[in-house]
Structures are given as C-alpha cells and as structure tokens.
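S.K.: Protein chains in written order, with UniProt numbering: chain A, 1 to 249; chain B, 1 to 249. Even glycine gets a Cβ: it sits at the ideal position worked out from N, Cα and C. The structure is given below, and queries will be raised subsequently.
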DNA sequence: TTGAATTTGCTCGGTTCTGCTCATTTGTGA
DNA sequence: TCACAAATGAGCAGAACCGAGCAAATTCAA
C-alpha cells in the first residue's frame, strides 16, 4: 500500500504529538477536511492510527491487540482454558507466539508459575500480574505478529529449560506434520521443541488441514494435542497412534 | 470504547501527576466540566483510571507506573532532547533502563534507527513506531523497575554491538564515580559499557552527588555526559579533565 | 492532445458531541 | 448532626462532525 506525501506527514505528526485533529490538518496541509477524513480513514484501516471523532490518535497501548483477542473464536478460548489445566503450580511454562497462546496466558493469570515467552501479547497479558514470574526471550520486534524473532531469540532459548511448552501452528497435515506459514518463526518453534520435555500443541479445528509452508515437526515430538470439536478425526487418530495424547476442549 | 485526542491528554496527564481535577482539566483543555466528566466516566469504565469526586486518580495497580513517571521533570526532558541530537540516522542505539532513557526513546520516535533495550518503558514508547527497528534483550521482568534483568540479559548483551549507548544512574560522586542503588542492575550497565564504543551518560542535576550503593564506572568510560543546569561544576570539570565531553541541556 | 482513471472539494441528510440547566447527591466544616 | 457549597448525572438544543454521492480538477498513458 502506497502512502502519499500528505499521509506521510499525518503519520509523522501523530507520532510526535500522539493525536491530530481534522481541522488542524486541513488547515496546515491546505486541503479540505474531506480529504483529511479520507486519509485518516485509510490510515486507520491500515492500522497506522486509531480514528476518533474529530481526528485521529495513536493507539495508546495494546488496546488494539486486545480487540483482536476479543474477536478470536470461542473455540480458541476453550482450548486455552483446557490447556491451562495442564499447568501445575510451580511449573516453568514456555509459550509460543499467536492468539491461542495469548489467551492461554490470560487463563494463567494469578497462577504461581514461571512463564517464558517471545510473544508481546503474552507479555501484555501478564506484565501486571505479580504472581507470575515472567521471562522474556530477546529478539527483534516483529510488530505485525506481536513477537520477537531472530538469532537473539534462538540464543536465549538455548539457555532455557521449561517443564512444559505450548506451541501454536498454522496447519496440521493428515500425516501429523505440523506446519507454519512464516518461515522466520519456524526456527523459534524448533528451538522450543528442544527446550522442553513436554510439548503441548494447540490447534483449533480450522487448522485441519490448514495452510502452511514450512514443516515444524510431526506428532512424535508432541506430548499432547489440545484441539476443538470438529477437528479431523483421521488426523487425530494418527496423533494417537504416534503416541500423542489428544484432548478435545 | 475509543480514546479521543482529549481523552489521550487526560491519560497522559494522570500518568504524570497521579491525579486530575475536573475544573483543572476543563480549564486547560478549554472544554466544559460536563465534557470532562463524561470523559472521566468513560475512561473509568474502561479501567484506565479511578473516578473520584472532583476528578480522577490512578488505579491502584498502576501506581508503580505512576511512581516512575512522577519523577520525570522538565530537566530530564531537556536532557533527553539534547541526547537525541547525538543520535544519527542509521545508528544502533543501546538504551539503559530508567525514566530519562524512556524519555529519550520518546524523543527518538520516527527516527530511522535501531534501538536495543531491556527497558519496558522504552519498549512501550517505541513498539508502535514503524520506523524504529526495536531489539529487546531477554531477561526476567522486574515489574517495579519496568525492566528486564538477569543472566539472560547479560547473555544477550554479550552478542550485541551498538554504535552508541545511553546510560542512566542514581548518582555521581565528585571523583566521577557513577553509581547505582540497585545492585542487580549494575552488571547490566557494565555489560552495556562493554557493548558499545561510545557511552553517553544522562544525569540531571539532582544526581550530583546523589545516592548510590554500587559503583558502575568512572569518567574514563564515559564519552559524553549530558546533564542539566545546576549540576555541580566541580564534578563536571573532573569529567572534562578525564576526557569526557560535557553537554548542558 | 485526448480520454480514462484517480483525486479533490463541496453539499446534504444523519449522527455524535458539547455546553447548559436543574434537581439531586456528596463532601466539609461548624 | 446539620447546613451549605461543590460536584454530579440526566435531559435537551445547538454545534460539530461524519459518510455518501457527485461534479470539477488533476494525473497519467497513449
């Protein structure tokens, strides 16, 4: 999506002051309020700012990812709640990135556990919870996925051991191959596999078969699969055959 | 649901002072008390503040944030702005924890740079800025200081090189010894010293002599000291003698 | 230069926000 | 406990703002 010079100055401006008004912008940029409104609506739909009556404002914090969480499906919420039951007090829990693990983090609030993650969404859920010891893996911030990635993340994972890890994915093939779309995340997921004895895979029914480009692992590495009603029974049976427990949330 | 520009100012304000009054806000923002009341009620229902008779105050679980920000002062802001001028486009900038570096982060918004930090406050300032490449050092979340600490932080720093680092401190003795109160942060600061050729120390006038328990380093390691009017001239001269540049913001 | 596609400014009907009034509640000091 | 001043919430009229639609202006390609 191309951004015009005018839209660029709007963005620059909102970065500086935190908010802009339609009138002010129309005045300064010598265009009509209509044009400014159109720009603001476009920039808003692209996620660059939040449209408010009379102008635009910067997303003050993680509010807009919370909305994403709120929009996420009841199935994911059930999976998250079921997965939370697998965690015991005192556990060291490693959480992958993604919306499902973020909801799991919410479900784990108040528990006396240690959580390790490279997910900004998990961070936001737990940063104000005094009960949870929170360890952030280093890395480069990937804003579109609310996550940290890169060699620093991998290096941090190499120094870490968890009791139990929760993994998300973008798809699961019939032969139990766990897949992900974004290549850059796959090394992180594989490092998670190596950092924990018990691996729990979270996947709602839409992940069967689901899209994916890169292979992460197969059922041999998965201790438990937590999924929802409607997941492909054939694939689930393949998981059981290969030694994974399957939990229907 | 939405945060208008005006509601944003109210939030910013309450974060600085800890509480606001309806009259004061109506006066400063040039709107009627009715409008302020409506805003406060909305923000309160969203959980952003607690509504009290006559105004609003910070929510109890956000008080620690308040404590940190309440310490910010015009002097620190000037120092931050002056320090921002030392950064050039393309730089890899390492930011220590603390309120001054958080304000520096704010001043660096929109710049085409890479920022490395273990400060949650810096993260919050820059996480929505698409221009800045942001690298988070790993570590254990220390909620009271909005920072990451521990062996993971040190290990991450060992893999990192920056062009320029900005350091905060709790006090500076007359012999230029830079000090900090919190022992657990000192190893991090020392690792920062080793990860960057150019070290800039940020210290407002209240840091002379200022409190401190653990020694971090002396002027030999400091390339530039950015401070404010009122800093002890004798100490500043000692810095110059030992080869540091001194900038008065 | 011409013609199509895009952008811009304007109007208009509808919606949201604001400031005011006023009856009621809350906090304060005697 | 009582009285009074300040603050509050509800309701309402007017102002500000909104999106949609349309025609003029601009851009771009041929």
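With H, G and I counted as helix, E and B as strand and the rest as coil, what does DSSP make of residue 19(B)?
M.R.: Of the three classes helix, strand and coil, the one that applies to residue 19(B) here is strand, per DSSP.
S.K.: Where does residue 154(A) sit, in a helix, a strand or coil, going by DSSP?
M.R.: Helix.
S.K.: Is there a Cβ from chain A that is less than 8 angstroms from the Cβ of residue 14(B)?
M.R.: So, not an interface residue.
S.K.: So what's residue 115(B) in DSSP terms, helix, strand or just coil?
M.R.: Here residue 115(B) sits in strand by DSSP.
S.K.: Taking C-beta to C-beta, are residue 198(B) and residue 164(B) nearer than 8 angstroms?
M.R.: For residue 198(B) and residue 164(B), yes; Cβs fall inside 8 angstroms.
S.K.: For residue 211(B), count the other beta carbons within 10 Å of its own beta carbon; 16 or more makes it buried, fewer makes it exposed. Which is it?
M.R.: Per the 10 Å Cβ criterion, exposed.
S.K.: To the nearest whole angstrom, what separates the beta carbons of residue 6(B) and residue 22(B), a pair I think is in contact under 8 angstroms?
M.R.: Incorrect: roughly 13 angstroms between the Cβ atoms, too far for contact.
S.K.: Listed from N- to C-terminal order along the chain, which residues in the region 195-229 of chain B have their beta-carbon within a distance smaller than 7 angstroms of any beta-carbon of chain A?
M.R.: Listed in sequence order: no entries.
S.K.: Of the choices 80(A), 77(A) and 27(A), whose alpha-carbon is the least far from that of residue 55(A)?
M.R.: Checked all of 80(A), 77(A) and 27(A); the closest Cα to residue 55(A) is 27(A).
S.K.: Contact check, residue 117(A) vs residue 104(A) under 8 angstroms by CB: the rounded distance?
M.R.: That belief does not hold up - the Cβ atoms of residue 117(A) and residue 104(A) are roughly 10 angstroms apart, past 8 angstroms.
S.K.: Have a look at residue 36(A) and residue 111(B) and give me their C-alpha separation to the nearest angstrom.
M.R.: Those two C-alpha atoms are separated by around 24 angstroms.
S.K.: Please determine, among 186(B), 247(B), 147(B) and 176(B), the residue with the shortest C-alpha to C-alpha distance to residue 220(B).
M.R.: Comparing Cα positions, the closest option is 176(B).
S.K.: Can you tell me where the beta strand (DSSP E) holding residue 57(A) begins and where it ends?
M.R.: Counting along the chain, the beta strand (DSSP E) containing residue 57(A) begins and ends at 55-57.
S.K.: For residue 228(A), does the three-state DSSP call read helix, strand or coil?
M.R.: Reduced to three states, the DSSP call for residue 228(A) is coil.
S.K.: I believe residue 154(B) touches residue 195(B) by the beta-carbon criterion, under 8 angstroms. Please report the beta-carbon distance rounded to the nearest angstrom.
M.R.: Wrong, their Cβ atoms sit about 10 angstroms apart, outside the cutoff.
S.K.: Whole angstroms is fine: what's the gap from residue 94(A)'s alpha carbon to residue 192(A)'s?
M.R.: So the alpha carbons of these two residues sit roughly 8 angstroms apart.
S.K.: Please name the residue or residues paired with residue 135(A) in a DSSP beta bridge.
M.R.: Residue 135(A) is bridged to 116(A) and 140(B).
S.K.: Quick one: which chain B residues come within Cβ less than 7 angstroms of residue 136(A)?
M.R.: Those are 136, 138, 139, 141 and 148, listed as they occur along chain B.
S.K.: Could you tell me which of 97(A), 44(A) and 187(A) sits nearest to residue 151(A), measuring between CA atoms?
M.R.: Cα-wise, what sits closest to residue 151(A) is 187(A).
S.K.: Go to residue 190(B), then tell me how far its alpha helix (DSSP H) extends in each direction, as first and last residue.
M.R.: Looking at the DSSP string, the run of the alpha helix (DSSP H) that includes residue 190(B) is 186-194.
S.K.: Tell me residue 179(A)'s beta-bridge partners as DSSP assigns them.
M.R.: DSSP output for residue 179(A) lists 171(A) and 215(A) as bridge partner(s).
S.K.: Leaving out five residues before and five after residue 77(B) in sequence, what residues of the same chain have Cβ atoms less than 7 angstroms from its Cβ?
M.R.: Here the set comprises 103.
S.K.: Determine the burial state of residue 38(B): buried for a count of at least 16 other Cβ atoms within 10 Å of its Cβ, exposed for fewer.
M.R.: Looking at its Cβ environment, which holds fewer than 16 other Cβ atoms inside 10 Å, residue 38(B) is exposed.
S.K.: According to a CB-to-CB cut-off of less than 7 angstroms, which residues of the region 151-176 of chain A neighbour chain B?
M.R.: The residues in question are 152, 155, 156 and 159.
S.K.: Is residue 185(A) close to chain B, meaning its C-beta is less than 8 angstroms from at least one C-beta of that chain?
M.R.: So no, residue 185(A) is outside the interface.
S.K.: Determine the DSSP secondary structure at residue 161(A), reduced to helix, strand or coil.
M.R.: Residue state, collapsed to three classes: coil.
S.K.: I'd like the list of long-range same chain contacts for residue 131(B), defined as Cβ closer than 7 angstroms, with 5 residues on each side in sequence excluded.
M.R.: Taken in chain order, the residues that qualify are 110, 111 and 112.
S.K.: Nearest chain A C-beta to residue 233(B) closer than 8 angstroms, yes or no?
M.R.: It does not: the Cβ of residue 233(B) has no partner Cβ on chain A nearer than 8 angstroms.
S.K.: For residue 4(A), which of helix, strand or coil comes out of DSSP?
M.R.: The answer is coil: DSSP assigns residue 4(A) none of H, G, I, E or B.
S.K.: With a threshold of 8 angstroms between beta-carbons, can residue 119(B) be considered close to chain A, or not?
M.R.: Judged by the 8 angstroms Cβ criterion, residue 119(B) is not in contact with chain A.
S.K.: Spatial neighbours of residue 145(B) within its chain, please: CB distance less than 8 angstroms, with the 5 preceding and 5 following residues excluded, ordered by chain position.
M.R.: So the list reads 68, 97, 182 and 185, once near-sequence residues are dropped.
S.K.: Just how far apart, CA to CA, sit residue 134(B) and residue 58(A)?
M.R.: Going by the C-alpha atoms only, they are around 18 angstroms apart.
S.K.: Could you check the C-alpha separation between residue 142(B) and residue 129(A) for me, to the nearest Å?
M.R.: Approximately 11 angstroms between the Cα atoms of the pair.
S.K.: Between residue 77(A) and the ligand SAH, is there a pair consisting of the residue's CB and a ligand heavy atom that are separated by less than 7 angstroms?
M.R.: With respect to small molecules bound, the structure shown includes none, and the ligand SAH cannot be examined in it.
S.K.: Tell me whether residue 203(A) sits in a helix, a strand or coil according to DSSP, three-state version.
M.R.: Correct three-state label for residue 203(A): strand.
S.K.: Going along chain A, which residues have a C-beta under 7 angstroms from residue 8(B)?
M.R.: The contacting residues are 18, 19, 57 and 60.
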